[in-house]
Each structure stands twice: as structure tokens, then as C-alpha cells.
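Student: Residue numbers (the working numbering), protein chains in the order written: chain A, 1 to 338; chain B, 339 to 569.
Ideal Cβ positions, reconstructed from N, Cα and C, are used throughout, including at glycine.
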Amino acid sequence: MLELVGVRHCYGGRMVLDLERFAVPPGALIAMVGPNGSGKSTLLRLLALLEQPTEGEVRLDGEPVCGGPARSRPTAAARRRVTLVEQRPVLFRGTVRENLGYGLVVRGVRRTEVNRVVDNVAARFGIAPLLERHRHQLSEGEVQRVAVARALAVEPEVLLLDEPASSADRAAAQTLYGALAEERRRRPLAICLASHQLEDAYRWADDVRALAEGKLSPVTPENLFRVELPNAGAGDLKHIRVGTIEIAVMTDRAGPAILAVAPSDIFVSRAPLTSSARNVFAGRVTRLARQRPGVVHVTADVGVELVAVVTEAAARDLQLTPGGPVVFAFKASAVRLF
Amino acid sequence: MDFLGEGLRRALALLLAGDAEVTGVVVLTLKVAVTATVIACAIGLPLGFFLATRPFWGRRAAFTLVNTALAFPTVVTGLLLFGLLSRRGPLGGLGWLYTWQAIAVGDVCIALPIAAALSAAAVQGVDPRVRRTAQTLGASAWRTAWAVAREARFALAAVITAAFGHVIAEIGSAMIVGGNIRGSTRTLTTAIALYTGQGEFGLALALGVILLVLALLVNIALQVLQGKAHA
């Protein structure tokens with residue numbers, strides 16, 4: 001188990017990550033979602049033992065391996081159990097074959113074994129035709145696939161991926177995720193990937209976590225907005241402008257915050273209903289996605305893009321179709337601020 | 339102009355004749371310069387890498403110190419070294435004063451800040467993802483340094499060239515600790531200074547031409563090596 005405990009991390013005095021606990025259990029498939037600058041890449045670098053947290057520590061199987069009161073540095077043995085592929089990975093000078101074998105060569109593996117592993121991993125990722133090419137002869141998507149294959153060649157216990165399919169087309173992304181799934185069938189492997197594509201996150205991960213402003217969101221990752229809470233307000237009910245709409249919120253807080261509405265807290269209808277909900281917004285369905293059996297994610301433009309969850313039966317009964325009318329309603333007390 | 343023309347003619351004649359004294363001076367100059375460059379780079383390049391990549395208390399002060407040392411006058415280096423190597427000095431027991439070793443030590447002191455400061459700048463110019471990638475793939479500290487050095491190879495080659503260029507053209511320290519002894523510690527630069535003072539302008543100019551040719555050959559050799567590395 002790889003975990004961050006009591007981690008606060010700063011760059012130039014600015015807090016970029018603040019997590020009480022973030023664990024990657026053995027064999028887990030975790031997706032982290034969040035907007036740019038939410039701290040996803042920093043979190044991955046800390047998990048990869050590439051940076052020392054300003055406060056707190058990184059543990060492997062319960063043992064502190066980096067940071068903590070002793071400001072310990074990770075050993076090479078600890079680092080070799082976790083591998084990170086960055087969002088825009090770099091390939092070393094040399095051929096793709098040399099790159100794929102790098103991690104094995106630095107472990108002192110014999111050349112014949114290195115070649116066997118490299119051929120094997122290249123075949124699984126569909127990059128065998130690229131083996132003798134140099135980095136400047138590859139597209140961005142190919143570089144990304146080579147980098148993931150290079151990371152898997154050393155068979156880490158935990159693989160950390162930062163936007164692994166950001167430069168890949170749909171087919172290349174399918175190949176990539178297919179190869180990762182095959183790897184997980186072959187041996188125990190925990191994967192923690194950062195993505196800004198919620199659909200991909202839900203499709204490929206067992207556990208989707210949202211990060212905003214360096215903190216873990218208490219609700220699921222959809223419908224997160226950065227807002228400024230006014231000081232003045234009648235009682236604790238405030239109206240916060242988000243895009244072109246105003247969302248009613250119960251809070252006594254003021255200043256910058258993240259506003260979140262859980263998709264399961266949104267009532268979906270075709271026409272406005274008489275209810276106690278303070279937030280009622282009419283709009284058009286922009287996307288319907290079946291991400292789990294029996295569950296449909298309804299994305300609608302109601303002035304901002306909001307996501308709600310309904311059952312397949314409810315979606316059928318409401319005759320929801322892309323471009324069709326829809327009304328989203330939720331209570332002011334269902335809006336979370338953190 | 340006649341004076342200059344006469345000097346160039348004499349230079350050409352000396353070069354074509356293969357004068358024994360000139361050959362001796364050239365060989366000694368190369369021996370000192372190569373030795374000093376190798377030692378300075380062997381210490382300076384890892385030092386530059388350390389400065390560029392390892393955060394430690396006083397790092398900024400260390401950078402300032404190294405950069406200031408770049409502008410240290412070579413005659414002052416020679417003077418300090420003279421104090422250390424003279425019979426009464428703390429290193430007098432070595433008996434190196436007025437030997438080629440003393441000139442080499444002076445040249446190492448001059449080339450070391452160049453190697454350290456410029457290699458630190460070269461390493462800082464490498465994409466930080468290279469280092470992180472090597473580390474996350476399980477490379478040791480040395481392997482990581484090697485991966486970074488491979489990416490900075492052109493800049494590091496330029497560092498070696500700059501160090502060699504400074505050392506081969508240096509005169510202040512070589513004159514003080516070498517003594518410009520004929521057949522023993524006379525280098526190209528000290529010989530040029532001496533012959534110019536004696537009015538032997540042709541000989542001085544011949545040695546100047548040789549110095550320039552040597553510098554040119556070393557640069558060409560490094561460029562060829564870079565070209566092969568790039569292929």
C-alpha cells in the first residue's frame with residue numbers, strides 16, 4: 001500500500017496540496033480528476049517519491065519512505081516499486097528500444113533478457129514497428145505510448161499516469177487502456193491515473209477521486225466550480241454566480257471556495273416541478289453516457305454544464321435525448337462548499 | 339608593416355624547419371594544458387552537477403563564489419600559489435615550484451571555476467523531466483547524472499573547450515610559478531612574452547601562430563566528436 005499521510009506541499013510559500021490521507025491500495029485502479037492546477041501532477045510526483053513533501057510523509061506498506069520528521073529521502077529500492085509517466089513524457093536520447101530497456105539496464109538485467117522483455121512489451125503496446133526509431137521520429141501520441149510501455153517494462157507495483165491519453169486519438173487510447181487492463185490481468189498492479197476526462201475516468205477506474213485547489217473533494221468529481229463567496233447576505237442563504245446562473249447556497253462562509261453539487265442530489269425532469277428546491281434550472285441535454293450498467297449520466301447546459309445521474313429506466317421514461325429539454329433541481333442544502 | 343611581414347616570414351620558416359626549441363615548448367604547453375583540463379573537468383563537472391541539482395543550505399552563496407572565481411586574476415592565482423609552493427610555504431616540501439607541475443596546478447585553479455560554473459549552467463538547461471524520468475525508472479544517482487549529462491553533451495563539450503582555451507592561453511600564473519625556464523617550464527605564452535621583450539618578434543609571432551593553430555585543432559576535434567555523437 002502506497003499512501004500519503006498528513007501531507008501539505010508548498011511551492012514558493014504557496015500551498016498546492018493539502019491531504020490528510022491519500023492511499024493507493026494494492027491492485028487498485030484509481031482515477032483522479034480535477035481542473036488544471038488542482039494539484040494532480042504534484043500529488044503524482046509525491047507518490048512517485050520524486051519530491052519530498054513540505055510536511056507529512058509518504059509510506060510504503062506502512063513504513064515511512066519519504067519526508068516525515070526525519071526528512072528521510074527515499075531509497076532506490078523504494079523508488080523502484082513505483083513508476084510515474086508524466087503528462088508530457090520525455091524519451092532519452094537513443095532508439096525506442098534503448099528507452100524501453102532503460103529501467104532494466106539500470107537494474108543490471110542481462111542484455112538478452114532486456115531484449116526479450118522489450119520485444120514483449122512493445123508487442124503488447126503495438127509499438128514494435130517503432131523500436132529502431134529515435135524520439136524526433138515519433139508523434140506525441142507515440143511518445144506517450146512508448147513512455148507507458150517503458151514504465152511497465154520494469155514491472156512496478158504501482159503505476160502512476162498523468163493524463164496518459166492526452167495526446168492519443170481514440171484508437172490509440174483504447175490500445176493503451178487495453179494494454180493496461182491486460183497487464184493487470186497478468187499480475188497484481190495498482191494504477192493511479194490523473195485525467196481531466198471524466199468519462200474516461202469512470203470507464204477505466206474503480207475509484208474516482210476529485211481534486212480541487214489541492215484538496216480532495218468530499219463529493220464526486222462532477223459539478224465543481226471555483227467561486228467567490230460574498231461577505232454580505234441575508235441570513236445564511238447566499239446566491240452565488242456560477243457562469244450565467246445563480247446558485248442558492250446555505251453557508252456562513254466568505255471568500256474563495258470550491259462549490260460542489262453531487263450528481264445524485266440533482267432531480268431531473270422535463271418540466272419544472274413544485275418542490276422545496278431553491279435551485280431550478282431549465283436547459284438542454286448535451287450528452288447521455290451509460291458509464292455503469294443501469295446508470296446514465298445526463299449532462300445538460302443550464303447556463304453552466306451540470307451532470308446528473310438517473311437510472312436507465314428513468315432516462316427512458318423522461319425520454320431524454322441529446323438536444324432535448326430538461327430541468328435540473330437541487331436544494332440549497334445539497335450544495336457543498338470546501 | 340615590414341616589421342610584421344618579416345615576423346610572419348620568420349614564423350613560417352621556423353615552423354617548416356621543425357625547430358627543436360619550438361617543438362619542446364609546444365609539447366610542454368600541450369602536456370600542461372591537457373593535464374590541467376582533465377583534472378579541472380574531473381572535479382569541476384561533478385561539482386557543477388551537484389550545484390545545479392542538489393538543494394543545500396548556502397547553495398546561492400556557493401554559486402556566487404564559483405561565479406566570482408571566474409573573474410579571479412590569473413596573476414593573483416599565481417601569486418597565492420607561489421606562496422604555497424615556495425620553500426617556506428605549506429606545500430614547499432613538494433618541491434614543485436618552477437616545475438611544469440606547478441604550472442599545471444595553477445591552471446587547474448583557473449579552469450576549475452570555469453568547468454564548475456559553466457557545467458552547472460549547462461545542467462540547469464536540461465529539461466528537469468529527464469532527471470525525474472531516470473529516477474522514476476530506478477536509476478541510481480550516478481546513472482541519473484549520466485542521463486542528464488548525455489542530454490547536455492553539447493553544452494558540456496563547450497565547457498571543456500572553454501576550460502582548455504583558458505588554460506592554453508594563460509600566462510600570469512605560469513610566469514610566476516613556472517619561472518619561464520628554457521627547456522623546463524617555458525610554455526608558448528611565456529615564451530611569446532619573453533621573445534617579444536627581447537625583440538625576437540618573428541619567433542614570438544611563430545609561437546603565436548602555433549598557439550592559435552593548436553586552439554583551432556582542439557576545437558575542430560571537439561566538433562568532430564560532437565558530430566559523431568549526434569549521428
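Just reading off the alpha helix (DSSP H) that Pro-466 (chain B) is part of, what are its end residues?
Tutor: 466-474
Student: State the Cα-Cα distance for the pair Arg-21 (chain A) and Val-146 (chain A), rounded to the nearest angstrom.
Tutor: The C-alpha of Val-146 (chain A) is placed about 32 Å away from the C-alpha of Arg-21 (chain A).
Student: Can you list, in chain order, the residues of its chain whose CB lies under 7 Å from that of Lys-238 (chain A), leaving out five sequence neighbours each side?
Tutor: Leu-229, Pro-230, Val-249, Thr-251
Student: Just checking my contact of Leu-526 (chain B) with Ile-558 (chain B) at CB under 8 Å: how many whole Å lie between their CB atoms?
Tutor: So it is not a contact: roughly 18 Å between Cβ atoms.
Student: Is the Cβ of Ala-569 (chain B) closer than 8 Å to any Cβ of chain A?
Tutor: With a pLDDT of 45 at Ala-569 (chain B), under the threshold of 50, the modelled position of that residue is not reliable, and the figure given next carries that caveat. Ala-569 (chain B) has a beta carbon lying at 8 Å or more from every beta carbon in chain A.
Student: So is Leu-161 (chain A) in contact with chain B if we call contact Cβ pairs under 8 Å?
Tutor: no
Student: Is the CB-CB distance between Val-154 (chain A) and Leu-104 (chain A) below 8 Å?
Tutor: Contact flag set, yes.
Student: Can you tell me whether DSSP reads Met-386 (chain A) as helix, strand or coil?
Tutor: For residue 386 (chain A) there is no data in the structure shown, the boundaries of chain A being 1 and 338.
Student: When you compare the stretch 132-142 of chain A with the stretch 88-107 of chain A, are there three or more beta-carbon pairs, one atom per stretch, that lie closer than 8 Å?
Tutor: A contact exists between the stretch 132-142 of chain A and the stretch 88-107 of chain A.
Student: Which parts of the stretch 115-196 of chain A are runs of the beta strand (DSSP E), unbroken and 3 residues or longer, counting only runs that do not cross its ends?
Tutor: 158-162, 190-195
Student: Of all the residues that make up the stretch 429-444 of chain B, which are near chain A by a beta-carbon distance shorter than 7 Å?
Tutor: none
Student: Rounded to a whole number of angstroms, what is the C-alpha to C-alpha distance between Met-15 (chain A) and Ala-48 (chain A)?
Tutor: 19 Å
Student: Closer than 7 Å by beta-carbon distance: list the chain B residues that pair up with Arg-135 (chain A), in chain order.
Tutor: Within 7 Å Cβ-Cβ: nothing; Arg-135 (chain A) doesn't reach chain B, min ~11 Å.
Student: Quick check on Phe-387 (chain B): does DSSP put it in helix, strand or coil?
Tutor: helix
Student: Could you tell me the alpha carbon to alpha carbon distance between Asp-207 (chain A) and Ala-407 (chain B), rounded to whole angstroms?
Tutor: 56 Å
Student: Taking 8 Å as the threshold (beta carbon to beta carbon), is Leu-320 (chain A) in contact with chain B?
Tutor: no
Student: So if I threshold CB-CB distances at 7 Å, which residues from the stretch 464-488 of chain B count as touching chain A?
Tutor: Asp-465, Arg-467, Val-468, Arg-470, Thr-471, Gln-473, Thr-474, Leu-475, Gly-476, Ala-477, Ser-478, Arg-481, Ala-485, Arg-488
Student: Between the stretch 502-521 of chain B and the stretch 109-123 of chain A, do three or more beta carbon pairs fall short of 8 Å?
Tutor: no
Student: With 8 Å as the C-beta to C-beta threshold (strictly closer), list the residues of the stretch 91-119 of chain A near chain B in chain order.
Tutor: Phe-92, Arg-93, Tyr-102, Gly-103, Val-106, Arg-107
Student: What residue does the beta strand (DSSP E) around Arg-416 (chain A) start on, and which one ends it?
Tutor: Residue 416 (chain A) is absent from the structure shown; chain A starts at 1 and stops at 338.
Student: Going by other Cβ atoms of all chains shown within 10 Å of its Cβ, with 16 needed for buried, is Gln-174 (chain A) buried or exposed?
Tutor: exposed
Student: Please report the distance separating the alpha-carbon of Ala-569 (chain B) from that of Leu-224 (chain A).
Tutor: Because the pLDDT at Ala-569 (chain B) is just 45, under 50, the model does not fix this residue reliably, and the value given afterwards should be weighed accordingly. Rounded to whole angstroms, Ala-569 (chain B) to Leu-224 (chain A) spans 51 Å at the Cα level.
Student: Count the other C-beta atoms from every protein chain shown that fall within 10 angstroms of the C-beta of Gly-516 (chain B), then say buried if there are 16 or more, exposed otherwise.
Tutor: buried
Student: Quick test of your reading: Ala-190 (chain A) and Ala-28 (chain A), contact by CB under 8 Å. State the CB separation rounded to the nearest angstrom.
Tutor: That belief holds up - the Cβ atoms of Ala-190 (chain A) and Ala-28 (chain A) are roughly 5 Å apart, short of 8 Å.
Student: In whole angstroms, give me the CA-to-CA distance for Leu-131 (chain A) and Gln-52 (chain A).
Tutor: 35 Å
Student: Taking Cβ positions only, does Glu-155 (chain A) come closer than 8 Å to chain B?
Tutor: no
Student: Checking contacts by CB at 8 Å: is Arg-79 (chain A) closer than that to chain B?
Tutor: yes
Student: Kindly list, in the order they appear in chain B, the residues whose Cβ is closer than 7 Å to that of Ala-48 (chain A).
Tutor: Thr-474
Student: According to DSSP, is Thr-482 (chain B) helix, strand or coil?
Tutor: Under the three-state reduction of DSSP, Thr-482 (chain B) is assigned to helix.
Student: Ignoring anything shorter than 3 residues, give me the beta strand (DSSP E) runs that lie fully in the stretch 192-279 of chain A, in order along the chain.
Tutor: You should have 207-212, 224-229, 237-242, 245-250, 255-261, 267-269.
Student: Taking the C-alpha atoms as reference points, what is the distance between Val-65 (chain A) and Pro-293 (chain A)?
Tutor: 40 Å
Student: What do you get for Ser-41 (chain A), buried or exposed, if any count of 16 or more other CB atoms within 10 angstroms of its CB means buried?
Tutor: Flag for Ser-41 (chain A) reads buried.
Student: Roughly how many angstroms separate the alpha carbons of Tyr-102 (chain A) and Trp-480 (chain B), rounded to a whole number?
Tutor: Their backbone Cα atoms lie some 14 Å apart in a straight line.
Student: Of all Cβ atoms in chain B, is any one closer than 8 Å to the Cβ of Thr-345 (chain A)?
Tutor: Coverage of chain A is limited to positions 1 through 338, which leaves residue 345 (chain A) absent and any answer about it impossible.
Student: Nearest to Trp-204 (chain A) by CA position, among A:Leu-193, A:Ala-282, A:Ala-210, is which residue?
Tutor: Each of A:Leu-193, A:Ala-282, A:Ala-210 was checked against the Cα of Trp-204 (chain A), and the nearest Cα belongs to A:Leu-193.
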